[in-house]
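J.: Using my numbering, the letters of the sequence shown map in sequence onto residues 7 to 185.
The C-beta atom is built at its ideal place from N, Cα and C for all residues, glycine as well.
Values in this document were obtained by computation on a predicted structure and should not be read as measured data.
Structure provided below as structure tokens; questions to follow.
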Amino acid sequence: MKNSVLVIIFSIILVSCGASKPTKKYSYKKPTTTSKSASLKKLNSNYTGSVSETRKSIINDAENYLGTPYKYAGNTKAGFDCSGLVCKVFDENDMKMPRRSEDQGKFGNSVNISDAKPGDLLFFATAGGSSVTHVGIVHDILNNGEVTFIHASTSKGVIISSLNEAYWNKAFLFARSVL
């Protein structure tokens, strides 16, 4: 019985946002990939390139944390996990978010990825399956429709990634707007 409880607790910790090892500081480099991913080829026809002041503030605040190391259960400049970063950035904009990525995935309104805008949230199943285990904030929609997002990666800390990257494309579940 005791071993079963330990296995369950360890499993929950492992899939919440990845392993809990600290990471070294990462020098941020913006992705340069322009390849199109088969399942995310649709252009974002509703995005004009202009966003509200609230959305700009969310993105600017998230950018301030680029390069911050990953820290399991972290939600400060000393280190973030994925949902901690979302909580911190939205809190700085007077919006309270649930702490866990799974709970954040139930907050706000569902958005088709082709209608996503900077500041919206993207949810992923990084451990396989269909359960939310990771969250990121839409950073930009490029001219070719590529969606980039800011998130706390377990290996590189807070970075910008692209949905065109095979790993993220495969793990992508859905988008939601809380703005």
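1. So, helix, strand or coil for R61, using DSSP?
2. Look at F130 and F178 and say whether their C-beta atoms are less than 7 Å apart.
3. With burial defined as no fewer than 16 other Cβ atoms inside 10 Å of the residue's Cβ, what is the status of K176: buried or exposed?
4. When the Cα atoms are used, what is the spatial distance from D6 to N81?
5. Does the beta-carbon of D109 have 16 or more other beta-carbons within 10 angstroms, so that it is buried, or is it exposed?
6. So, using beta-carbon positions, are A181 and A122 closer together than 7 Å?
7. Enumerate in chain order the residues of its own chain whose CB-to-CB distance from V117 is below 7 Å, with the five nearest sequence positions on each side excluded.
8. Starting from S89, trace the alpha helix (DSSP H) in both directions and tell me its first and last residue.
9. Are D67 and E98 closer than 7 Å when you measure CB to CB?
10. For I119, I'd like the list of residues in its chain whose CB is within less than 6 Å of its CB, leaving aside the five on either flank, ordered along the chain.
11. DSSP puts R182 in a beta bridge; with which residues?
12. One question on the structure: do E152 and S167 come within less than 7 Å of each other, judged by their Cβ atoms?
T.: Looking at the coordinates:
1. Residue numbering aside, residue 61 sits at position 55 when the sequence shown is read from its first letter. R61 sits in a helix when the DSSP states are folded into three classes.
2. In the sequence shown, counting from the first residue as 1, residue 130 sits at position 124. In the sequence shown, counting from the first residue as 1, residue 178 sits at position 172. Taking 7 Å as the Cβ cut-off, F130 and F178 qualify as a contacting pair.
3. In the sequence shown, residue 176 corresponds to position 170, counting from 1. Around the beta carbon of K176, fewer than 16 other beta carbons lie within 10 angstroms, which makes this residue exposed.
4. A query on residue 6 cannot be resolved here, the shown segment of the chain reaching from 7 to 185 and no further.
5. For this step, residue 109 is matched to residue 103 along the sequence shown. In this structure D109 is exposed. Its beta-carbon is surrounded by fewer than 16 other beta-carbon atoms within 10 angstroms.
6. Residue mapping note: residue 181 aligns to position 175 of the sequence shown, counting from 1. Residue mapping note: residue 122 aligns to position 116 of the sequence shown, counting from 1. Yes, Cβ-Cβ distance for A181 and A122 is below 7 Å.
7. Position 111 of the sequence shown, counted from the first residue, corresponds to residue 117. Excluding positions up to five away in sequence, the list reads D126, A181, R182 and S183.
8. Numbered from its first residue, the sequence shown carries residue 89 at position 83. C88 to D97 is the extent of the alpha helix (DSSP H) around S89.
9. Sequence index remark: in the sequence shown, residue 67 carries index 61 (1-based). Sequence index remark: in the sequence shown, residue 98 carries index 92 (1-based). In this structure, E98 lies closer than 7 Å to D67 by Cβ.
10. Residue mapping note: residue 119 aligns to position 113 of the sequence shown, counting from 1. Here the set comprises A181.
11. What you label residue 182 is simply residue 176 of the sequence shown in a count that begins at 1. R182 pairs with S116 and L127.
12. Within the sequence shown, numbered from 1, the residue matching residue 152 stands at position 146. Within the sequence shown, numbered from 1, the residue matching residue 167 stands at position 161. Their beta carbons are not under 7 Å apart, which means E152 does not touch S167 by this criterion.
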